[in-house]
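Only one structure is covered here, and it is reproduced in the block below.
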Amino acid sequence: NAGVTQTPKFRVLKTGQSMTLLCAQDMNHEYMYWYRQDPGMGLRLIHYSVGEGTTAKGEVPDGYNVSRLKKQNFLLGLESAAPSQTSVYFCASSWTEREQYFGPGTRLTVT
Amino acid sequence: RKEVEQDPGPFNVPEGATVAFNCTYSNSASQSFFWYRQDCRKEPKLLMSVYSSGNEDGRFTAQLNRASQYISLLIRDSKLSDSATYLCVVNSKAAGNKLTFGGGTRVLVKP
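For the protein sequence lines, the chains are P and L, in the order given. The numbering of the first sequence is this note's numbering, which starts it at 13 and goes up by one. The numbering of the second sequence is this note's numbering, which starts it at 1212 and goes up by one.
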């Protein structure tokens, strides 16, 4: 039982490049979330999903897209990376909108 | 004003001492409250939920004051392993039933 896993762990992008972050969970959770964490800002919700095939915007969705084609996977895409997207990205999943289980994070630097 | 505010610290605590810190929230409709723990460069993990009557989990005690809109966490007999950042988390229907994270309070326990 791996819990929540994220791929990749680290990435450096140049401005304008695109990439996809993958989140996978093996707990059969309905809810999945993508957050970014910046110093002094706390965790901010980017997008979330309440079930397979559904997605919704969170607090800071601009510049990101998501997809949830399979229940266990939640993808976060950056179409044209900007330096402001340098951050640590965490994926989380949960049974309900209460306790969330987090992945180990992806450290992204955009130069 | 941030929805969930915390003193960033750090709180420097001698081993064996007691430390307490608060978190304030702005949304009076908030319904659920949690403390998460985050170790350096790691993912957040649920420490404990906070109930209206207050609750204890070993050396940790959480309190909720709805009238003044704050929650507190007290750590007794601090251990070196308690060094971490403690995140205050609030859930409210007004926020689409999603979790809102505070910026965290850093605690450093020293020998």
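For glycine and all other residues, C-beta sits at the position ideal for the given N, C-alpha and C.
Do L:L1319 and L:S1294 have their C-beta atoms closer together than 8 Å?
-> yes
Assign L:S1239 to one of three DSSP states: helix, strand, or coil.
-> coil
Check whether the Cβ atoms of P:L124 and P:L120 lie closer than 8 Å to each other.
-> No information on residue 124 of chain P is available, as it lies outside the stretch 13 to 123 that chain P covers here.
Check each candidate in P:M31, P:T17 and P:E71 and name the one with the smallest Cα separation from P:S92.
-> P:M31
Could you tell me how far apart the beta carbons of L:L1285 and L:A1231 are, in whole angstroms, since I believe they sit closer than 8 Å?
-> 4 Å
Show which residues of chain P have a CB atom less than 9 Å away from the CB atom of L:E1226.
-> Per Cβ cutoff of 9 Å: no residues; L:E1226 is ~27 Å from chain P at best.
Going straight from the alpha carbon of P:R80 to that of P:K69, what length do you get?
-> 13 Å
How is P:Q97 classed by DSSP in three states: helix, strand or coil?
-> helix
Who pairs with P:N13 in a beta bridge, going by DSSP?
-> None, per the DSSP bridge assignment.
Give the residues from the region 106-118 of chain P that approach chain L closer than 7 Å (Cβ to any Cβ), ordered along the chain.
-> E109, R110, E111, Q112, F114, G115, P116 and G117
So the beta strand (DSSP E) L:C1251 belongs to, where does it begin and stop?
-> Taken as a continuous stretch (DSSP letters only), L:C1251 belongs to no beta strand (DSSP E), as it is neither H nor E.
Near-chain P residues of the region 1250-1277 of chain L - C-beta to any C-beta below 9 Å | R1252, K1253, E1254, P1255, K1256, L1257 and S1260
In angstroms with no decimal places, state the Cα-to-Cα distance between L:L1259 and L:Y1281.
-> Note on identity: in this sequence residue 1259 of chain L is Met, with Leu being the wrong assignment. So the alpha carbons of these two residues sit roughly 16 Å apart.
Could you tell me if L:W1246 is buried or exposed, where buried requires 16 or more neighbouring beta carbons within 10 angstroms of its beta carbon?
-> buried
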